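Visitor:
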Ligand SMILES: [Zn+2]
C-alpha cells in the first residue's frame, strides 16, 4: 500500500515535471518565433525606410538577452527541438552566424542535390602522356618527347570529353609517374580503356623514317589488338602520315600492367626533321588527338 502510494506519487511528480518541461519548451519556442517574426518585421521596415537605422540597435538590444536566456533552457531540457534551436541560435547572434549558417546549408544542399541525378557513371578513358618530369623521352634539337606527348594527350582529353567520355589523365603536367604505377592508377580511377601517347625515334637521324604505329599486348584476350587497329587506321585518316600499322609486344610495362584494353600510340618520329616540326605544332597535335579519339569511339562507342 505504502509502496504503491510512493510509486503513484513518483509517477505523478514525473508527469508534473514533464508537463512543466513541455510548457517551458512550448513557451520558449513561441518566444523565439515571436522574436524571429519581430526581427523579420524590423528588417522589412528597415528596407522600406532607409532612415530607420536608430530603431535597429534598440531592437537587437532587447532581443539578444531574451533569446540568450531561452537558448540554454532549450539546450538543457531537450535535444528534440534542435532545429528550432539552431534557428533561434542563428537569430540570436545576429551579426555572424546568420550570413554564414544560412548560405552554408543552402549551398551545400542544393548543388549536391542537383548534380546527383545527372551524374550517371560515364565511360572513363585513361590517357597516359609518356615520360614526364626528369624523364624527357627522346629528344632532338632541344625538343622533348614528353612535351609533345602531354600536349597531344591534353587535346585528346578535350576531344573525348566533348564526345561524352570521362577522362583520367595519368599526368596532366610535367611530372614523372612510375611506368608500373600508370595502369594501376588508371584502374583505380575506373578506366575502361588505356591509351599511352608517345613519339617514336630511331638511332641517329633520318628524315625519311616517318609515320604512326600502335603497340598492343596480347597476354589477355581483351580486344587490345582491335583497339590498336582502330586507332592506327583512324589516326592516319585524319593526319597526313604513313600508317606503319599495329605491333605486338608483351614487354612494354604500361601495356603489361593494364587490366583493361590498352595500347601505346607512337604518333610519329621525333628523329625526322619534317615530322618533328609537325609533331610540335599545336594544329597538328590537335589533328592527332582527333584521329585517336575517332579510333577510341570505334572501339568503344557510347550509346
Ligand atoms: Zn616514349
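In the numbering used here, the protein residues as written are 5 to 307. Idealized CB from N, CA, C, for every residue including glycine. Values in this document were obtained by computation on a predicted structure and should not be read as measured data.
In chain order, what are the residue ranges of uninterrupted alpha helix (DSSP H) at least 4 long that sit wholly in the region 185-211?
Guide: Complete alpha helix (DSSP H) runs here, min 4: 185-192.
Visitor: On the CB-based measure, 16 or more other CB atoms within 10 Å of its CB, does residue 223 come out buried or exposed?
Guide: The residue in question, residue 223, is exposed, as its Cβ has fewer than 16 Cβ neighbours within 10 Å.
Visitor: Since residue 272 is in the beta strand (DSSP E), which residue starts that stretch and which ends it?
Guide: Residues 266-273.
Visitor: To the nearest angstrom, how far is the alpha carbon of residue 141 from that of residue 265?
Guide: Cα to Cα, residue 141 sits roughly 24 angstroms from residue 265.
Visitor: Around the Cβ of residue 169, are there at least 16 other Cβ atoms within 10 angstroms (buried) or fewer (exposed)?
Guide: Result: buried.
Visitor: Can you tell me whether residue 203 sits near ligand 1, meaning its C-beta is under 7 angstroms from at least one heavy atom of the ligand?
Guide: It does: the Cβ of residue 203 is within 7 angstroms (strictly closer) of some heavy atom of ligand 1.
Visitor: Which residues bound the beta strand (DSSP E) around residue 247?
Guide: Looking at the DSSP string, the run of the beta strand (DSSP E) that includes residue 247 is 247-252.
Visitor: Count the other C-beta atoms from every protein chain shown that fall within 10 angstroms of the C-beta of residue 325, then say buried if there are 16 or more, exposed otherwise.
Guide: The structure shown does not extend to residue 325, since the chain is modelled only from 5 through 307, so no value can be given for it.
Visitor: What residues in its chain sit with their C-beta under 6 angstroms from that of residue 154, if we drop five residues either side in the sequence?
Guide: Result list for residue 154: 133, in chain order.
Visitor: For residue 25, name the three-state secondary structure that DSSP assigns.
Guide: Helix, per DSSP.
Visitor: Excluding the 5 residues flanking residue 159 on each side, which residues of the same chain have their C-beta closer than 7 angstroms to its C-beta?
Guide: Closer than 7 angstroms at the Cβ level, and outside the excluded window around residue 159, lie 289, 290, 293.
Visitor: Could you tell me which residues DSSP puts in a beta bridge with residue 263?
Guide: None, per the DSSP bridge assignment.
Visitor: Apart from the five residues just before and just after residue 297, which ones in its own chain have a Cβ nearer than 7 angstroms to its Cβ?
Guide: Correct list, in chain order: 160, 163, 164, 167.
Visitor: Does the distance from the CB of residue 196 to the CB of residue 304 come in under 8 angstroms?
Guide: Yes, the pair counts as a contact, with Cβ atoms nearer than the cut-off.
Visitor: Between residue 18 and residue 39, what straight-line distance do the alpha-carbon atoms span, to the nearest angstrom?
Guide: Cα-Cα distance, rounded: 31 angstroms.
Visitor: Could you check where the alpha helix (DSSP H) with residue 128 kicks off and where it finishes?
Guide: Residue 128 -> not in any alpha helix (DSSP H); beta strand (DSSP E) instead, spanning 128-133.
Visitor: Quick one, are the C-beta atoms of residue 189 and residue 272 less than 8 angstroms apart?
Guide: Not closer than 8 angstroms, so no.
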